[in-house]
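Each remark here refers to the structure printed beneath this line.
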Amino acid sequence: MSAPGGARTAPGPDPGVSRPPAALTIVGFVALGLLALPIVGLLQRAPWSALPTVLGESEVLEALRVSLIVSLVATAACVVLGLPLAFVLARRRLRFGRVVRALVMLPMVLPPVVAGTALLFALGRRGLVGQWLDSWFGVSLPFTTAGAVVAAAFVALPFFVVTVEAALRQAGDDLDEAAATLGAGAWSTLLHVTLPTIRPALAAGTALAWARAVGEFGATLTFAGNFPGRTRTLPLETYLALERNPEAAVAISLVLMAVALAVLVTLRDRWMPR
Amino acid sequence: MAGRSVDGDHRRGRATRRQAAIAVTAALLLGVSCSGSGGSETRHDREVVVMAASSLTDVVEAVASSDPNVTAILSGSSTLVAQLSAGAGADVLITADAATMDRATADGSIRGKPVVIATNTVVLATAPGNPGGVAGLADLARRDLLVGLCAPEVPCGTLARRALDEAGIVPSVDTLELSVRALAAKLSLGELDAGLVYDTDAAVVGLSRVDAPELDGHANRYFIASASAEPSPAVQAVMDAFTETGGAGAEALLAHGFGPP
Chain A
170 MSAPGGARTA PGPDPGVSRP PAALTIVGFV ALGLLALPIV GLLQRAPWSA LPTVLGESEV
230 LEALRVSLIV SLVATAACVV LGLPLAFVLA RRRLRFGRVV RALVMLPMVL PPVVAGTALL
290 FALGRRGLVG QWLDSWFGVS LPFTTAGAVV AAAFVALPFF VVTVEAALRQ AGDDLDEAAA
350 TLGAGAWSTL LHVTLPTIRP ALAAGTALAW ARAVGEFGAT LTFAGNFPGR TRTLPLETYL
410 ALERNPEAAV AISLVLMAVA LAVLVTLRDR WMPR
Chain B
11 MAGRSVDGDH RRGRATRRQA AIAVTAALLL GVSCSGSGGS ETRHDREVVV MAASSLTDVV
71 EAVASSDPNV TAILSGSSTL VAQLSAGAGA DVLITADAAT MDRATADGSI RGKPVVIATN
131 TVVLATAPGN PGGVAGLADL ARRDLLVGLC APEVPCGTLA RRALDEAGIV PSVDTLELSV
191 RALAAKLSLG ELDAGLVYDT DAAVVGLSRV DAPELDGHAN RYFIASASAE PSPAVQAVMD
251 AFTETGGAGA EALLAHGFGP P
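Here it is as structure tokens:
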């Protein structure tokens with residue numbers, strides 16, 4: 170199961186033949202510095218010796234618990250909802266394919282606070298759909314853990330869908346057709362042929378969606394509010410800690426950064442083909 | 011042939027326009043990020059950056075609209091103080107209580123002497139039409155209501171907590187909002203049933219109020235101070251507008267329902 174990077178088939182001149190102009194290289198390294206600097210800044214302020222104490226504080230542990238619950242449930246929702254969506258996008262001719270694809274990717278580029286505002290007007294107690302949820306089922310999402318899950322799933326879903334859709338397109342449907350010719354049913358083909366083929370993408374999409382869900386801040390704050398033990402996730406705790414106890418903010422940031430790095434390193438072969 | 015060349019021109023025109031649009035967007039983004047981070051050196055000499063508590067939004071915006079040199083940064087007092095201590099460039103700081111101002115003077119980001127310019131009170135506000143049937147402060151303990159307070163980090167939260175403690179009420183809180191304006195907005199949208207917001211914010215957003223005698227006597231004081239101990243004439247002029255009777259800032263405070271210092 171080789172990593173389907175596809176970089177080698179890219180059009181254009183062979184890489185490595187011509188070196189970029191010196192000025193370009195210099196600016197390139199400046200950009201690299203810009204990316205690395207904040208991380209260095211965080212590391213040099215890290216209260217290494219106090220780390221266990223700071224991270225063991227009850228507020229931090231509570232936020233960690235909320236973050237784990239919210240991000241894991243949101244990721245599960247992304248897989249359950251995203252897999253069918255990825256199939257629809259990859260295997261069906263949609264009439265407004267471009268529009269649909271743009272819609273799917275929108276949360277990736279939308280400012281999260283806009284996402285939160287939109288969620289409030291859609292699923293809030295007085296929102297388009299939310300008012301019916303409230304009056305029919307007595308369900309009100311804002312200011313609940315479920316609301317935080319919805320916010321996280323909303324921003325994380327595209328990461329899963331886009332990754333899996335790309336893999337489905339790359340895999341093509343030759344194998345599926347072969348399986349069908351040999352008499353396999355649609356579900357059997359899906360389970361025994363298609364899904365195993367795109368297994369790396371499923372893993373990558375899940376990990377990316379989870380990382381995004383863990384990091385969600387703006388939409389959560391706007392839509393789900395901020396209450397310890399219920400909707401206050403690690404990023405919210407970081408923001409509050411920055412005003413109360415900067416050392417704790419640095420400590421939590423380190424944890425979140427380590428998580429993000431771990432996800433990237435695990436996926437390195439997929440996302441940074443050499 | 012002619013048709014094809016027109017088509018070609020048309021497409022080229024579209025491509026150029028798209029490139030132009032991308033360039034403009036990039037320039038805007040760069041401009042925004044540069045002015046947002048550390049443009050203090052390139053700033054106009056007479057520009058006065060005023061950081062003010064979010065409950066003063068309308069007041070400071072009124073001052074800024076009559077004085078083009080004033081640039082307003084509005085957020086929760088505690089956020090402003092944190093930003094200042096991290097090196098955000100501001101000439102004047104207005105906080106909604108003494109505690110946040112003390113933090114700014116303690117870490118040296120504010121060197122001018124703080125002066126009280128106004129007071130404010132918290133009121134029990136409800137969603138429009140009071141759908142939750144909130145009758146008094148004690149109702150904040152009702153679990154069937156969605157109740158919001160300001161986070162304890164911001165002055166309106168400190169004030170609310172003190173008033174509730176004194177009244178012996180343990181509220182059933184659903185969210186601790188990071189600024190009073192965020193709380194007022196969620197009340198006005200009907201997403202929360204009740205909350206404690208400043209008198210002035212309830213007025214601006216048009217929230218329904220419920221009498222709560224327990225809140226009487228609980229007021230916060232707004233402090234103004236310049237970042238520098240020897241402010242420039244332009245900065246001093248903005249300070250004066252708030253501290254002197256009849257100044258644009260002082261007038262705006264009165265007009266928006268703030269109490270006298």
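Sequence lines, in order, name chains A and B.
Start counting at 1 in the first sequence, then tack on 169, and there's your number in our numbering.
Start counting at 1 in the second sequence, then tack on 10, and there's your number in our numbering.
Each residue gets a CB set at the ideal place from its N, CA and C atoms; glycine is no exception.
Determine the DSSP secondary structure at L263 of chain B, reduced to helix, strand or coil.
helix
Can you tell me the Cα-Cα spacing of I421 of chain A and E176 of chain B, whole angstroms?
34 Å
Between the stretch 242-256 of chain B and the stretch 189-203 of chain B, do three or more beta carbon pairs fall short of 8 Å?
no
Does the stretch 233-243 of chain A come within contact of the stretch 397-408 of chain A, defined as at least 3 CB pairs closer than 8 Å?
yes
In whole angstroms, what is the alpha-carbon distance linking N414 of chain A and I120 of chain B?
19 Å
Using the Cα positions of L204 of chain A and V214 of chain B, report the straight-line distance between them to the nearest angstrom.
42 Å
Suppose you measure from the CA of P173 of chain A to the CA of P207 of chain A; what does that come to, to the nearest Å?
Because P173 of chain A carries a pLDDT of 46, less than 50, the predicted location of this residue cannot be relied on, and the following value inherits that uncertainty. Going by the C-alpha atoms only, they are around 32 Å apart.
Length-filtered (3 minimum) beta strand (DSSP E) runs lying within the stretch 216-245 of chain B
218-220, 229-236
Report yes if the C-beta distance between L288 of chain A and A320 of chain A is below 8 Å; otherwise report no.
yes
Does the separation of the CB atoms of R381 of chain A and F328 of chain A fall below 8 Å?
yes
In this structure, does DSSP put I208 of chain A in helix, strand or coil?
helix
Sequence-distant residues of its chain with Cβ nearer than 8 Å to A232 of chain A (five each side left out):
P397, R401, T402, L403, L405, E406, I421
Inter-residue CB distance, P276 of chain A and F306 of chain A (contact presumed, cutoff 8 Å):
Rounded, the Cβ-Cβ distance is 25 Å, inconsistent with contact.
Residues of the stretch 195-210 of chain B in Cβ contact with chain A at a cutoff of 7 Å, in chain order, please.
L199, G200, E201
Look at the Cβ atom of G251 of chain A, then the Cβ atom of L326 of chain A, and state whether they are nearer than 8 Å.
yes
Kindly list the residues whose CB is nearer than 6 Å to the CB of V272 of chain B, restricted to its own chain and excluding five residues on each side of it in sequence; keep chain order.
Here chain B has residues from 11 to 271 only, and residue 272 of chain B is not among them.
Counting C-beta neighbours from all protein chains within 10 Å, is the total for D226 of chain B 16 or more, i.e. buried, or is it exposed?
exposed
Would you say P404 of chain A reaches chain B, if we count a Cβ-Cβ gap shorter than 8 Å as a contact?
no
Extent of the continuous alpha helix (DSSP H) run through E412 of chain A:
403-413
Could you name the residues that DSSP lists as bridge partners for N395 of chain A?
Answer is none; N395 of chain A lacks a bridge partner.
So is G394 of chain A in contact with chain B if we call contact Cβ pairs under 8 Å?
yes
Does DSSP put V308 of chain A in a helix, in a strand, or in coil?
coil
Buried or exposed, going by whether 16 or more other CB atoms sit within 10 Å of the CB of Q93 of chain B?
buried
Kindly indicate if chain B contains any beta-carbon less than 8 Å away from that of R413 of chain A.
yes
Secondary structure of G48 of chain B, DSSP reduced to three states
The pLDDT assigned to G48 of chain B is 39, lower than 50, so where the model puts this residue is not dependable, and the model offers no usable value.
Tell me where the beta strand (DSSP E) around I238 of chain A begins and ends.
Note, I238 of chain A: premise wrong, no beta strand (DSSP E); alpha helix (DSSP H) at 227-260.
Integer Cβ distance of P165 of chain B from F233 of chain B, believed to fall under 8 Å:
Contact doesn't hold; Cβ gap of about 10 Å is too wide.
Taking the alpha helix (DSSP H) that E346 of chain A falls in, what are its first and last residues?
343-350
Consult DSSP for T375 of chain A and reduce its assignment to one of helix, strand or coil.
helix
When Cβ atoms are compared, which residues of the stretch 275-299 of chain A fall closer than 7 Å to chain B?
L289, G293, R294, R295
How about E88 of chain B: is its C-beta nearer than 8 Å to some C-beta of chain A?
In the sequence as presented, Glu is not what sits at residue 88 of chain B; that position holds Ser. Closer than 8 Å: yes.
What does DSSP give as the partner residue(s) for A128 of chain B in the beta ladder?
B:Y232
Spatially closest choice to G178 of chain B from B:A192, B:A148, B:D203, B:L202, by CA coordinates
B:A148
Any beta carbon of chain A sitting closer than 8 Å to that of D149 of chain B?
no
Environment of T89 of chain B [buried if 16+ CB atoms lie within 10 Å]:
buried
Exposure of F268 of chain B, with buried meaning 16 or more beta-carbon neighbours within 10 Å:
buried
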